[in-house]
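If you use this note's numbering, the sequence shown corresponds to residues 71 to 244, in order. Cβ atoms here follow ideal geometry from the backbone N, Cα and C, with glycine treated the same way. Shown next, in structure tokens, is the structure this report addresses.
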Amino acid sequence: MEDIQQIYFIGLIIGAAITILYLLLSDFLDAIFGFLDGIFNPVLVLSFLTFFCASGYLLEYLPINSFVIIAISIGVALLLVTLLNVFILVPLSNAEATLGYSEDDLRGRIAEVIISIPEDGFGEIMIRDHSGHISRSAKSFEGPAIVSGTEVIVIDIQAGILYVAERENEQLDV
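Structure, rendered in structure tokens:
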């Protein structure tokens with residue numbers, strides 16, 4: 071009984087250490103071994119090893135046959151890994167990684183001029199977004215000056231500068 075407990079304990083320590091090491095180096099290791107993503111998920115494999123060894127180690131204190139303990143440990147590990155995957159890993163993979171935006175997302179957006187844009191010069195606009203306000207340098211797309219407080223639309227983006235035109239508010243006749 072002592073020998074099998076030592077094996078479980080060593081497996082638990084090795085599984086936990088490799089899991090922590092993988093968490094620290096996961097981006098690097100995913101870049102190297104990215105082709106294995108479709109075959110298996112390293113987090114699930116390492117978690118299975120850790121849960122299996124932990125439950126085996128704890129169950130060895132009970133007066134149960136070692137083969138029964140192995141079967142129970144496999145069941146416990148499969149259950150815990152399934153719960154980990156369903157309730158933690160899948161929701162995390164579907165979560166938004168950032169509240170950031172790309173410049174292409176700004177094309178066609180409505181903004182307000184907060185610093186007047188002179189003819190052939192630069193000003194500043196503010197775009198209201200679901201995650202806050204975005205202030206960016208802007209230049210008039212067609213050339214004429216645009217005064218502060220005017221509503222504009224982003225037409226183009228070149229070298230980080232947003233090219234805008236005055237927004238025409240047309241009333242629809244119904």
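C-alpha gap between residue i and residue j, whole angstroms
{"i": "residue 205", "j": "residue 195", "result": "6 Å"}
{"i": "residue 100", "j": "residue 193", "result": "43 Å"}
{"i": "residue 188", "j": "residue 199", "result": "25 Å"}
{"i": "residue 147", "j": "residue 96", "result": "22 Å"}
{"i": "residue 75", "j": "residue 131", "result": "9 Å"}
{"i": "residue 156", "j": "residue 162", "result": "10 Å"}
{"i": "residue 78", "j": "residue 127", "result": "5 Å"}
{"i": "residue 139", "j": "residue 91", "result": "28 Å"}
Contacts around residue i, its chain only, beta-carbon distance under 7 Å, and the 5 residues preceding and following it disregarded
{"i": "residue 185", "result": "193, 194 and 218"}
{"i": "residue 244", "result": "Below a pLDDT of 50, predicted positions are generally treated as unreliable, and residue 244, at 49, falls in that range; no measurement from the model is reported."}
Residue environment, residue i, which counts as buried when at least 16 other CB atoms sit within 10 Å
{"i": "residue 122", "result": "buried"}
{"i": "residue 173", "result": "exposed"}
{"i": "residue 145", "result": "exposed"}
{"i": "residue 181", "result": "buried"}
{"i": "residue 124", "result": "buried"}
{"i": "residue 210", "result": "buried"}
Same chain only: Cβ atoms within 6 Å of residue i, ignoring 5 sequence neighbours per side
{"i": "residue 232", "result": "206, 208 and 224"}
{"i": "residue 197", "result": "179, 181 and 204"}
Residue i in three-state terms, based on DSSP
{"i": "residue 110", "result": "coil"}
{"i": "residue 226", "result": "strand"}
{"i": "residue 192", "result": "strand"}
{"i": "residue 236", "result": "strand"}
{"i": "residue 204", "result": "strand"}
Neighbourhood of residue i by C-beta, 8 Å cutoff - its chain only, sequence neighbours within 5 removed
{"i": "residue 159", "result": "111, 113 and 114"}
{"i": "residue 86", "result": "120"}
According to DSSP, residues forming a beta bridge with residue i
{"i": "residue 182", "result": "196 and 221"}
{"i": "residue 231", "result": "228"}
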